[in-house]
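Encoded as structure tokens, the structure appears first; notes follow it.
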Amino acid sequence: MSKEISRRTFIKGAAAAGVVLAAGSYFTWNGKNIPEKVQKGEVTYDVLIIGSGGAGMRAALAAAENKNLKVAVMTKLVPTRSASTMAQGGMNGVTAVTDTADTVESHVFDTIKGGDYLCDQDAVEYFAERAGANIYEMDYMGYPYNRQKDGCFHQRKMGGHSHARASYFEDRAGHAMVHTLFEQCLDKGIDFISECQMLEISMGGEKNDQLNGVIAMDMRTGNLIGVPAKAVIIATGGYGRVYWIRTSNPYSSTGDGIVAGMNAGIPFKDPEMVQFHPTGLSANGVLLSESSRAEGAQLKNKNGERFMAKYAPEKMELATRDIVARAIATEIEEGRGIGEGIHAGVYMDFTVIPAERIRERLGQVADLSKRFAGVDITKEPVPIAPTCHYSMGGLEMADFHTGESRVPGIYVAGECSCVSVHGANRLGANSLSEVLVFGHTAGDGAAAYAKDHNYAGSQDKLAQDCQKWKDKFEEVTNRPEGCGKTVPEIRDAMVNTMWYKAGVFRQEDQLNQATQELKALEEEYKHCYVGDSSHVYNTAFEQYVELGNLLQISHAIVQGALARKESRGGHSRRDYPKRDDKNFLKHTLIFKDQKTGEYRAEYKDVVITKYQPKERKY
Numbered sequence: 000m001s002k003e004i005s006r007r008t009f010i011k012g013a014a015a016a017g018v019v020l021a022a023g024s025y026f027t028w029n030g031k032n033i034p035e036k037v038q039k040g041e042v043t044y045d046v047l048i049i050g051s052g053g054a055g056m057r058a059a060l061a062a063a064e065n066k067n068l069k070v071a072v073m074t075k076l077v078p079t080r081s082a083s084t085m086a087q088g089g090m091n092g093v094t095a096v097t098d099t100a101d102t103v104e105s106h107v108f109d110t111i112k113g114g115d116y117l118c119d120q121d122a123v124e125y126f127a128e129r130a131g132a133n134i135y136e137m138d139y140m141g142y143p144y145n146r147q148k149d150g151c152f153h154q155r156k157m158g159g160h161s162h163a164r165a166s167y168f169e170d171r172a173g174h175a176m177v178h179t180l181f182e183q184c185l186d187k188g189i190d191f192i193s194e195c196q197m198l199e200i201s202m203g204g205e206k207n208d209q210l211n212g213v214i215a216m217d218m219r220t221g222n223l224i225g226v227p228a229k230a231v232i233i234a235t236g237g238y239g240r241v242y243w244i245r246t247s248n249p250y251s252s253t254g255d256g257i258v259a260g261m262n263a264g265i266p267f268k269d270p271e272m273v274q275f276h277p278t279g280l281s282a283n284g285v286l287l288s289e290s291s292r293a294e295g296a297q298l299k300n301k302n303g304e305r306f307m308a309k310y311a312p313e314k315m316e317l318a319t320r321d322i323v324a325r326a327i328a329t330e331i332e333e334g335r336g337i338g339e340g341i342h343a344g345v346y347m348d349f350t351v352i353p354a355e356r357i358r359e360r361l362g363q364v365a366d367l368s369k370r371f372a373g374v375d376i377t378k379e380p381v382p383i384a385p386t387c388h389y390s391m392g393g394l395e396m397a398d399f400h401t402g403e404s405r406v407p408g409i410y411v412a413g414e415c416s417c418v419s420v421h422g423a424n425r426l427g428a429n430s431l432s433e434v435l436v437f438g439h440t441a442g443d444g445a446a447a448y449a450k451d452h453n454y455a456g457s458q459d460k461l462a463q464d465c466q467k468w469k470d471k472f473e474e475v476t477n478r479p480e481g482c483g484k485t486v487p488e489i490r491d492a493m494v495n496t497m498w499y500k501a502g503v504f505r506q507e508d509q510l511n512q513a514t515q516e517l518k519a520l521e522e523e524y525k526h527c528y529v530g531d532s533s534h535v536y537n538t539a540f541e542q543y544v545e546l547g548n549l550l551q552i553s554h555a556i557v558q559g560a561l562a563r564k565e566s567r568g569g570h571s572r573r574d575y576p577k578r579d580d581k582n583f584l585k586h587t588l589i590f591k592d593q594k595t596g597e598y599r600a601e602y603k604d605v606v607i608t609k610y611q612p613k614e615r616k617y
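Under numbering that gives the first Met the number 0, the sequence shown has 581 at position 582, and the numbering climbs by one with no breaks.
Written out as structure tokens, the structure is:
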């Protein structure tokens with residue numbers, strides 16, 4: 000593509016992306032009474048998207064290109080409050096703007112190598128071929144890229160990259176992307192059903208494979224609503240809150256969509272592949288972007304040693320995330336870290352970067368360090384530690400050309416899905432590109448399905464499922480104090496199990512212990528104390544539902560980790576430290592039996608096209 004098509008005049012700042020919006024505009028656009036209209040049976044959607052992050056809104060825009068289709072986005076928060084807004088570093092796409100030697104082939108190989116050869120290579124090729132076009136598409140939508148002197152957007156080199164290909168807006172890449180997409184969605188007249196928590200995807204028919212729609216709770220009223228839909232796109236993001244304070248994810252990342260998809264018959268693919276980002280604040284897991292190291296920040300232990308020379312002498316701090324995270328964890332374990340327990344860490348030193356460049360390119364990193372760690376990074380190093388950042392696994396995408404799952408009418412996109420383009424370790428700045436590419440794909444696929452099918456679901460079944468959840472709400476929220484442990488008590492126990500027994504390092508005896516502990520917690524969850532019976536904004540019940548989802552996600556992670564007797568990418572087994580291509584060059588598929596509650600695993604071969612697996616060195 001020519002540089003000329005990106006040469007446009009921009010007002011630098013959030014306003015160029017539609018970031019500044021009137022307070023409450025989410026609720027007034029297209030009528031704030033959408034849940035009431037749905038409840039009265041006045042609205043049936045052709046395409047209903049669950050999740051308002053980058054994948055959800057890009058899918059909505061694609062589906063809405065079909066003028067005759069009714070499209071809506073449902074979110075349990077409000078638009079622009081998704082995990083996508085927290086992405087900092089940038090979005091990959093080959094444009095050869097900053098580095099003229101970059102190629103799609105190079106992006107493909109960097110992604111496959113970064114993913115430790117667990118990526119499906121045909122899907123990666125599809126992704127890399129389209130990622131660059133999405134960079135330009137966002138440019139035309141008004142994304143406020145950082146720019147070069149010639150007017151073209153600038154691209155930076157991230158960990159595991161062979162070329163500079165991550166386009167960005169300061170260190171707020173995701174924030175600007177979501178607001179840009181939201182502005183476009185408003186322009187296209189897409190409905191937003193805000194503050195509605197999805198509880199279930201309603202299925203029916205003889206084989207329970209007919210999509211009826213979605214059951215949700217309107218948090219503003221406490222009403223249970225059944226939303227009829229021809230096609231549903233699950234785009235609810237990841238599940239980092241399995242590790243609670245040791246995650247960079249927002250509190251909303253509780254795996255809701257993955258659990259709903261599993262319960263509808265879609266397998267959870269590669270659940271054990273959790274990415275631990277190397278640089279979260281040691282105090283609370285808040286992310287300090289990989290762009291920090293791309294701009295020159297150095298990792299040092301308590302002795303002042305730049306220790307990455309021992310682990311990745313060529314790439315140093317810009318090795319892939321799994322390698323850097325394990326290096327930091329090793330330094331801490333061997334006594335060269337700072338602090339103790341779950342808050343132990345090492346230092347990230349920004350003082351080697353000119354203060355002016357920090358202000359220009361790392362403003363959010365500086366702000367987060369000051370707010371949450373009390374550190375001025377222009378003057379002193381900040382304590383950091385690995386933090387759960389991303390789920391390479393997710394609901395199986397059965398066809399990456401359409402975004403469809405194996406359940407007719409249900410499509411998946413974004414972090415809650417597994418294509419698999421990330422394999423065992425996601426390459427930095429591939430996530431925002433993935434939500435754009437496959438959000439677009441899923442939106443197109445769901446729209447095509449909706450055009451070819453009449454609504455065949457059962458509104459009677461929707462009503463029955465609503466009543467089931469209403470009964471559950473009344474039973475759960477009216478339990479007497481002392482009936483069992485509280486939701487926070489069970490959650491905290493789950494977090495300790497997951498962080499210490501299924502975290503950065505894993506081994507069989509600890510994973511077996513984790514299995515038993517999670518089973519015990521699931522039993523306690525059945526009669527836990529919620530403590531709030533009100534209907535309006537009952538966040539206690541919301542957290543109860545989320546905890547149930549997190550427990551199911553935790554089980555799947557542990558079962559996948561137990562079965563994979565090797566180390567690959569983000570999955571590191573101390574008892575099986577080597578990668579085993581002979582036995583484990585395959586994807587894990589975890590199913591949950593809805594009658595027995597038991598989990599079972601199947602396997603699926605990795606797709607190899609050009610690149611045979613070889614040892615990964617940086």
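Built from N, CA and C at the ideal position, the CB exists for glycine as well.
These numbers were taken from a predicted model, which means no experiment stands behind them.
Identified DSSP bridge partners for residue i
i, result
"Asn-91", "Ala-165"
"Tyr-44", "Ala-228"
"Lys-594", "Beta-bridge pairing links Lys-594 to no other residue."
"Ser-201", "Gly-212"
"Gln-196", "Met-216"
"His-586", "Lys-603"
"Phe-267", "Leu-394, Ile-589"
Inter-residue Cα distance where the pair is residue i and residue j
i, j, result
"Gly-402", "Met-176", "21 Å"
"Val-273", "Ala-215", "28 Å"
"Tyr-454", "Ile-224", "18 Å"
"Thr-485", "Tyr-144", "46 Å"
"Pro-249", "Asn-548", "15 Å"
"Thr-253", "Leu-517", "16 Å"
"Arg-599", "Gln-209", "23 Å"
"Phe-26", "Ala-513", "Here the model assigns Phe-26 a pLDDT of 32, short of 50, so the residue's position is not dependable and the matter cannot be decided."
"Ala-58", "Gly-483", "42 Å"
"Gly-92", "Ala-165", "7 Å"
"Asp-508", "Pro-270", "19 Å"
"Ala-308", "Ser-161", "19 Å"
"Ile-192", "Met-157", "36 Å"
"Asp-98", "Gln-154", "8 Å"
"Ala-71", "Tyr-346", "45 Å"
"Gly-663", "Tyr-389", "This structure cannot settle anything about residue 663, because the visible part of the chain is limited to 0 through 617."
"Gln-183", "Gly-438", "15 Å"
"Gln-147", "Phe-126", "26 Å"
Cβ-Cβ distance between residue i and residue j below 8 Å
i, j, result
"Gly-456", "Pro-227", "yes"
"Ser-370", "Glu-169", "Per the sequence shown, residue 370 should be read as Arg rather than Ser. No, these two residues do not count as a Cβ contact at 8 Å."
"Arg-245", "Thr-377", "no"
"Ala-86", "Ala-172", "yes"
"Lys-603", "Leu-588", "yes"
"Val-406", "Ala-263", "yes"
"Tyr-543", "Arg-219", "no"
"Asn-222", "Lys-460", "no"
"Glu-316", "Gln-297", "yes"
"Ile-409", "Val-231", "yes"
Unbroken alpha helix (DSSP H) run spanning residue i, endpoints
i, result
"Cys-465", "458-476"
"His-620", "Residue 620 cannot be examined here, being either before or after the span of the chain that is shown, 0 to 617."
"Leu-60", "53-62"
"Asn-511", "507-524"
"Ala-487", "Before going further, note that residue 487 is Pro rather than Ala in the sequence given. First-last of the alpha helix (DSSP H) with Pro-487: 486-500."
Local Cβ density within 10 Å of residue i, reported as buried at 16 or more and exposed below that
i, result
"Arg-615", "buried"
"Val-123", "buried"
"Ser-533", "exposed"
"Pro-576", "exposed"
"Lys-500", "buried"
"Gln-558", "buried"
"Gly-569", "buried"
"Gly-444", "buried"
"His-421", "buried"
"Asn-429", "buried"
8 Å Cβ cutoff, residue i in contact with chain C
i, result
"Tyr-139", "Absent from the structure: chain C. Only one protein chain is present."
Residue range of the unbroken beta strand (DSSP E) whose run includes residue i
i, result
"Leu-394", "393-395"
"Lys-616", "It is not in any beta strand (DSSP E) - Lys-616 carries neither H nor E in the DSSP assignment."
"Gly-279", "273-280"
"Met-73", "70-73"
"Ile-409", "409-411"
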